[in-house]
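Chemist: Here the protein sequences line up with chains A and B, keeping their order.
Using our numbering, the letters of the first sequence map in sequence onto residues 1 to 585.
Using our numbering, the letters of the second sequence map in sequence onto residues 1001 to 1585.
Quick reminder that beta carbons are idealized off the backbone N, C-alpha and C, glycines included.
2 protein chains.
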Amino acid sequence: MYRTHTCGELRKENIGQKTTLCGWVQLKRDKGGMIWIDLRDRYGITQLAAEEVKTDKKIIEIIDKIGREHVIQVTGEVIERYSKNDKIPTGDIEIKIEDIKILSESETPPFTIIDNTDGGDELRMKYRYLDIRRNPVKNALMLRHRVAQEVRKYLDAQNFVEVETPVLIKSTPEGARDFVVPSRMNPGEFYALPQSPQTFKQLLMIAGMDRYFQIVKCFRDEDLRADRQPEFTQIDCEMSFVEQNDILATFEGMTKFLFKTVKGLDINYDFPHMPYSEAMEKYGNDKPDIRFGMTITDITENVQGKDFVVFDSADYIGGICLENGSEYSRKQIDELTEFVKIPQIGAKGLVYCKYNVDGSFKSSVDKFYNESDWAIIAEKMNAQKGDLILILAGEKERTLHGLSELRLKLGNELGLRPKDTFAPLWVVEFPLLEFDSESGRYHAKHHPFTAPFDEDIHLFETDPSKIRAKAYDLVINGVEIGGGSIRIFDKDLQALMFKNLGFSKEEAEAQFGFLMNAFKFGAPPHGGIALGFDRLVSLFGGSDSIRDYIAFPKNNAGRDVMIESPSQISQAQLDELGLIVKEVE
Amino acid sequence: MYRTHTCGELRKENIGQKTTLCGWVQLKRDKGGMIWIDLRDRYGITQLAAEEVKTDKKIIEIIDKIGREHVIQVTGEVIERYSKNDKIPTGDIEIKIEDIKILSESETPPFTIIDNTDGGDELRMKYRYLDIRRNPVKNALMLRHRVAQEVRKYLDAQNFVEVETPVLIKSTPEGARDFVVPSRMNPGEFYALPQSPQTFKQLLMIAGMDRYFQIVKCFRDEDLRADRQPEFTQIDCEMSFVEQNDILATFEGMTKFLFKTVKGLDINYDFPHMPYSEAMEKYGNDKPDIRFGMTITDITENVQGKDFVVFDSADYIGGICLENGSEYSRKQIDELTEFVKIPQIGAKGLVYCKYNVDGSFKSSVDKFYNESDWAIIAEKMNAQKGDLILILAGEKERTLHGLSELRLKLGNELGLRPKDTFAPLWVVEFPLLEFDSESGRYHAKHHPFTAPFDEDIHLFETDPSKIRAKAYDLVINGVEIGGGSIRIFDKDLQALMFKNLGFSKEEAEAQFGFLMNAFKFGAPPHGGIALGFDRLVSLFGGSDSIRDYIAFPKNNAGRDVMIESPSQISQAQLDELGLIVKEVE
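Listed below in structure tokens is the structure:
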């Protein structure tokens, strides 16, 4: 062993001990005869000290050569510090350097290894191995580790069995976003990388495994947004002989366990269950942040028929009420108006009404609405004196989206979304089917194996869009952490589902025949859930970006700029695979 | 919840309780007015009972329809069994059927779901989801789960951090056996799947993570032997600021912890350390099974010069001594002779000498060797009266291999290799380099970053083949469970290594430049190990085949016969990837 202690563990109690430490040089200071070095490893920082006149000349010579990020080994006595540092746990002591050795030199790193570094994103990614030396990144990876261990501890105790499903699977006709892998041993044929282990986890239930889990890499070859990665990690689970509430109870339990063990937080209430329709009506969003109110009120019937053409011609008019906002300045309101006009929201304008402290109303549409009109609207919206009412109008779905975005923006600005407060809930009763006007047919909102509510099955005949699914999402702080469903395990119901999705028997057979075949041999009732592990960890870490919580992430173009991948491969490799790369025109 | 209990938990203490169980019908017996059903789930089997005359007719009608592997739900009272079954934990009780429901029917499965099934290998793989219902396979997967949890528990407690390294990495010029993945977003470019996370774990050490582990899928596109899979799982670890003995101690600790927690076995001795040269000389094998003796003795100098041309012309002559084997029949010895002549061994013949109980010797080469010759040989081999001496001669390496195979065969036949006895050891002091006569140059035996023994570095100048590496293998019962090395972290030593491997500076830069670059920024001394997880679990399970311990394995052609993968993909997919599949001539 190169060391007796780490750089994070020496305390007052160790004073007088002889110790050997290893680590990276964070900082060297030379101050009138005294030299101090901050030595860093994963566990912390310990100060080393040498008094120039009293220290062996050879040691001073070595110290002179030492620069930032050199790896050194130091032996010396633990002594009490003259001026203590109460910001670090080792701040009471320092090591009197008695021997020192440079284990590895370092060139000047391309950015400084400090919490607030001067390195830009691209540079940090290119030198990710240096970036990870920084506390924020190191701590993110340590947090990820902790969450993974606690997830497994909980699920193991709940009789879940971790089963590794294959990574080299089969591409499906609908797998347009599959990554494929040519097989050398089977020329012209390809494996696919899984977008999720969905088929396999259902097979494991048919196989009688009863409770399955896996923390597993999944893959999707799609254009990447800031918070997407071509490879991502899921906590994937499935249970047999359960109904929806059993699954919710199990994973609510896991979530609480994680908050307790990882964050030290007790959540001693049941997570609210909110129907999808309520989430949409009140939050304009199927993943509502319920840490704050400012919910949406439908005021369509209260504002129409007053000759205001914008409202009269609108499909839907809704408003949110900003507490104590009546003093907002013209400039502030203009800024909000500009915000709702950005293309991603696309509103034509923003109507406001100040409910003044004196009880009077002042709106941007005073021409059409008088004080008593506003009094009715204010009452419906539960607005109080001193509030600001903000109103959008237009096509319903779009308008709700706009109100949701406006609400979240205001929530952020007003500090209503603190990173250390967590408000989990279950969004339930999702629609089973979504009508796609382009193709003129229904699509499964979750996936084609999701079970409908028993009491809604009759609606297949009359109004399929009203059928509720046994599907659920776990939402925390406006982030969809995961989702799942109870699966159909009845052949006839599955056939009815396929019919409504517009599959012929042959098409259903071609796409799903393999799993259907397995269902012939005794499928138990089952259901499951998949949680986005990257997202869960970043939520715990208080970040919006999953990239910070992935050791070696890829950029928006799907590139790993550190190893420079993807890259061209040799002609010999292509030949062996029987592949020709088309020339780009 | 569909059930109140599992099929494995009801006992005498539950008698009188009302219970609801779910599971698969293992067996239905109808015996003069009484019907019994064995109901199975992952947790066990519980007997259900109905007395025909006393049971509701509707229930009897449902029972009549029930066949093997139907999924049913049963409610009834726990009653004491008339004739108990002490072979199963639930054997004291049965359930008096009061209500029964068929949840899912089953067609007759293609093979019977019993421990010793009638299903052949290919059929079992095609219907793997039914195969997993069988106890041996289910238990193998449960064991795998258990080992995985305990591995993480140990490493977490030892301050290892689990870090997920990327699956989509970069193909290297020497990565002939890489699986590649075409990138849709970067046409003409490919990712590669990792054969191991070697580069990344070394980068994590440079990144200061100090102790890393991962239970991780790795990939190799090569012709498969019976015990190889294109995707396999490793316990991958790396540590900083350590020397070889620190790593051995850590993973010896882990191995003991696993034996204790998984198998209930105490291994309260230090694992022996055996130099590679000793393993080769005494066992003819770098992964010796030391559960039994019968070690090899070099008798070259004792048998040459006696005019026996076969021995006189041989590079090496070695023997093993079979305890109490002097009574072996002609037929038995002929069989051994045939064995050493198979192409995989390729010996020309087998010389034997019986050391009879009366002290006389009888050999197959009595023409050349007299009693006193044999007395000397017997003494050197430590043979006793009643033993059988077996001798092979030829080129040294090949002959040692033959003796090793013969030794293992005899060990198997004589029951010297019991599945429930474990003899772990470390094989150490591997040669750093291997001379390849074909290419006329040295290859790294482990990999080019493996550090040489400090005291052997001078041999680079004189006899590189004699340089010992800081490399080590964990071997248990003749199986290589894992291996690793201390890495070079000194630039100059690395350059020397590359030079000896015949790399020009440019070649070294092209192949390893990326990692070399990272080494410029302060690399700590580090080393690691990778254990074959599939193999470790199968060892614990007492099987020679890793396939039994993988949920969804592939066959020798790399095919998953269940999902029929790999397979052709659509022209649209190929077009999007910019690939053309060559016609097979």
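Between the C-alpha atoms of E105/A and V71/A, what's the straight-line distance to the nearest angstrom?
Modeler: The count along the first sequence starts at 1 and reaches residue 105/A at position 105. The count along the first sequence starts at 1 and reaches residue 71/A at position 71. When rounded, the distance between both Cα atoms is 6 angstroms.
Chemist: Using 8 angstroms as the threshold, is the C-beta distance between E171/A and K1170/B below it?
Modeler: Mapped onto the first sequence, residue 171/A falls at position 171. Mapped onto the second sequence, residue 1170/B falls at position 170. For clarity, residue 171/A is Ser in the given sequence; the question names Glu instead. Against a cut-off of 8 angstroms, the Cβ pair of K1170/B and S171/A comes out as no contact.
Chemist: Indicate whether V1475/B and P1288/B have their beta-carbon atoms separated by less than 8 angstroms.
Modeler: Numbered from its first residue, the second sequence carries residue 1475/B at position 475. Numbered from its first residue, the second sequence carries residue 1288/B at position 288. Yes.
Chemist: Does the Cβ of K1282/B have 16 or more other Cβ atoms within 10 Å, making it buried, or fewer, making it exposed?
Modeler: By 1-based counting over the second sequence, the position of residue 1282/B is 282. Buried, since its Cβ has 16 or more Cβ neighbours within 10 Å.
Chemist: Quick one: any contact between the segment 568-580 of chain A and the segment 1175-1188 of chain B, if contact means 3 or more CB pairs under 8 angstroms?
Modeler: yes
Chemist: Using only alpha-carbon positions, find the residue among T1075/B, E1506/B, F1111/B, S1196/B that is nearest to I1102/B.
Modeler: Working through the second sequence from its first residue, we reach residue 1102/B at position 102. Ranked by Cα distance from I1102/B, the first of T1075/B, E1506/B, F1111/B, S1196/B is T1075/B.
Chemist: Just tell me which of A510/A, A551/A, E189/A has its CA closest to the CA of K126/A.
Modeler: The count along the first sequence starts at 1 and reaches residue 126/A at position 126. That would be A551/A, whose Cα lies nearest to the Cα of K126/A.
Chemist: Below 9 angstroms between beta carbons is the criterion; list the residues of the segment 1554-1567 of chain B that meet it against any residue of chain D, in chain order.
Modeler: Checking the listed chains, one finds no chain D in this structure; the protein chains it contains are A and B.
Chemist: Can you list, in chain order, the residues of the segment 10-34 of chain A whose Cβ is nearer than 9 angstroms to any Cβ on chain B?
Modeler: Hits within the stretch, in order: C22, G23, W24, V25.
Chemist: Would you call the CB atoms of I215/A and A148/A closer than 8 angstroms?
Modeler: Within the first sequence, numbered from 1, the residue matching residue 215/A stands at position 215. Within the first sequence, numbered from 1, the residue matching residue 148/A stands at position 148. A contact, by the Cβ cut-off of 8 angstroms.
Chemist: Here's a check: name, in chain order, each residue in its chain whose Cβ is nearer than 7 angstroms to the Cβ of K1554/B, leaving out the five neighbours to either side.
Modeler: As a first step, residue 1554/B must be located in the second sequence, where it is residue number 554. These residues qualify, in order along the chain: Q1229, P1230, D1560.
Chemist: Can you tell me whether Q1244/B is buried or exposed? The criterion is at least 16 other CB atoms within 10 Å of its CB, across all chains shown.
Modeler: Here the question's residue 1244/B lines up with position 244 in the second sequence. Looking at its Cβ environment, which holds 16 or more other Cβ atoms inside 10 Å, Q1244/B is buried.
Chemist: Leaving aside the five residues before and after D1387/B along the sequence, list all residues of the same chain whose C-beta is less than 7 angstroms from its C-beta, in chain order.
Modeler: Working through the second sequence from its first residue, we reach residue 1387/B at position 387. Cβ neighbours of D1387/B beyond the five flanking positions: C1321, L1322, E1323, N1324, G1325, S1326, Y1355.
Chemist: Between F449/A, D298/A, R29/A, which has its C-alpha nearest Q511/A's C-alpha?
Modeler: Taking the first sequence and counting its residues from 1, one reaches residue 511/A at position 511. Here the closest residue by C-alpha is F449/A.
Chemist: Within 10 angstroms of the Cβ of Y1269/B, are there 16 or more other Cβ atoms? Answer buried if so, exposed if not.
Modeler: As a position in the second sequence, residue 1269/B is number 269, starting the count at 1. Exposed is the call here.
Chemist: Assuming V1161/B contacts Y1212/B under a Cβ cut-off of 8 angstroms, what Cβ separation, rounded to an integer in Å, is found between them?
Modeler: Sequence index remark: in the second sequence, residue 1161/B carries index 161 (1-based). Sequence index remark: in the second sequence, residue 1212/B carries index 212 (1-based). That pair is a contact at about 6 angstroms.
Chemist: Looking at C-alpha atoms only, which residue of A1375/B, I1247/B, D1266/B is the closest neighbour of K1256/B?
Modeler: Walking along the second sequence from the start, residue 1256/B turns up at place 256. The shortest C-alpha separation from K1256/B is found at D1266/B.
Chemist: Check distances from the C-beta atoms of the segment 183-197 of chain A to those of chain B and list, in chain order, the residues that come in under 9 angstroms.
Modeler: S183, R184, M185, N186, P187, G188, E189, F190, Y191, A192, L193
Chemist: Opposite D1236/B in the DSSP bridges: which residues?
Modeler: What you label residue 1236/B is simply residue 236 of the second sequence in a count that begins at 1. According to DSSP, D1236/B shares a beta bridge with Q1214/B, A1530/B.
Chemist: Going by DSSP, name the residue or residues bridged to Q1047/B.
Modeler: Position 47 of the second sequence, counted from the start, is the residue given in the question as residue 1047/B. Paired residues: D1038/B.
Chemist: I'd like to confirm the pairing. Which residues does DSSP put opposite P1343/B in its beta bridges?
Modeler: The residue given as residue 1343/B occupies position 343 in the second sequence. None, per the DSSP bridge assignment.
Chemist: Using a 10 Å radius around the Cβ and a threshold of 16 neighbouring Cβ atoms, would you call Y82/A buried or exposed?
Modeler: As a first step, residue 82/A must be located in the first sequence, where it is residue number 82. With a 10 Å radius around the Cβ and a threshold of 16 neighbouring Cβ atoms, Y82/A comes out exposed.
Chemist: Take the Cβ of I235/A as the centre, count every other Cβ of all protein chains shown within 10 Å, and call the residue buried at 16 or more, exposed below.
Modeler: The count along the first sequence starts at 1 and reaches residue 235/A at position 235. Classification of I235/A: buried, given that the 10 Å Cβ count is 16 or more.
Chemist: Is it right to say Q198/A is buried, meaning 16 or more other beta carbons lie within 10 angstroms of its own, or is it exposed?
Modeler: Looking up residue 198/A in the first sequence gives position 198. It is buried - the Cβ of Q198/A has at least 16 other Cβ atoms within 10 Å.
Chemist: At the level of alpha carbons, what is the spacing between F259/A and H1401/B?
Modeler: For the purposes of this step, residue 259/A is identified with residue 259 of the first sequence, where counting begins at 1. For the purposes of this step, residue 1401/B is identified with residue 401 of the second sequence, where counting begins at 1. Cα to Cα, F259/A sits roughly 57 angstroms from H1401/B.
Chemist: Any C-beta of chain A sitting closer than 8 angstroms to the C-beta of M1001/B?
Modeler: For the purposes of this step, residue 1001/B is taken as the residue at position 1 of the second sequence. M1001/B counts as touching chain A.
Chemist: Would you say G319/A and I391/A are within 8 angstroms of each other, going by their C-beta atoms?
Modeler: One-based indexing of the first sequence puts residue 319/A at position 319. One-based indexing of the first sequence puts residue 391/A at position 391. Against a cut-off of 8 angstroms, the Cβ pair of I391/A and G319/A comes out as a contact.
Chemist: What first and last residue would you give for the alpha helix (DSSP H) that runs through I62/A?
Modeler: Walking along the first sequence from the start, residue 62/A turns up at place 62. The continuous alpha helix (DSSP H) containing I62/A extends over residues 57-65.
Chemist: So P109/A and L130/A are in contact, right, with Cβ under 8 angstroms, and what is the actual spacing, rounded?
Modeler: Within the first sequence, numbered from 1, the residue matching residue 109/A stands at position 109. Within the first sequence, numbered from 1, the residue matching residue 130/A stands at position 130. At roughly 5 angstroms, the Cβ-Cβ gap stays under 8 angstroms, so P109/A and L130/A are in contact.
Chemist: Less than 8 angstroms between the C-beta atoms of L1539/B and V1479/B, yes or no?
Modeler: What you label residue 1539/B is simply residue 539 of the second sequence in a count that begins at 1. What you label residue 1479/B is simply residue 479 of the second sequence in a count that begins at 1. Yes, Cβ-Cβ distance for L1539/B and V1479/B is below 8 angstroms.
Chemist: If we call anything under 8 angstroms between Cβ atoms a contact, is K1306/B one with F1361/B?
Modeler: What you label residue 1306/B is simply residue 306 of the second sequence in a count that begins at 1. What you label residue 1361/B is simply residue 361 of the second sequence in a count that begins at 1. In this structure, F1361/B does not lie closer than 8 angstroms to K1306/B by Cβ.
Chemist: Which two residues bound the contiguous alpha helix (DSSP H) that contains Q1511/B?
Modeler: One-based indexing of the second sequence puts residue 1511/B at position 511. Where Q1511/B is concerned, the enclosing alpha helix (DSSP H) stretches over 1505-1518.
Chemist: P1142/B touches chain A at which residues, Cβ-Cβ below 7 angstroms?
Modeler: Here residue 1142/B refers to the residue found at position 142 of the second sequence. Looking at the sequence shown, residue 1142/B is not Pro but Met. Those are V161, listed as they occur along chain A.
Chemist: Is any beta-carbon of chain B found at less than 8 angstroms from that of G532/A?
Modeler: Here the question's residue 532/A lines up with position 532 in the first sequence. Chain B places no beta carbon closer than 8 angstroms to that of G532/A, leaving this residue out of the contacts.
Chemist: Mind checking which residues open and close the beta strand (DSSP E) that includes A469/A?
Modeler: Start at 1 with the first residue of the first sequence, and residue 469/A comes out as number 469. From DSSP, A469/A is part of no beta strand (DSSP E); its letter is neither H nor E.
Chemist: What are the start and end residues of the beta strand (DSSP E) that includes V1589/B?
Modeler: Not covered by the structure: residue 1589/B. The range shown for chain B is 1001 to 1585.
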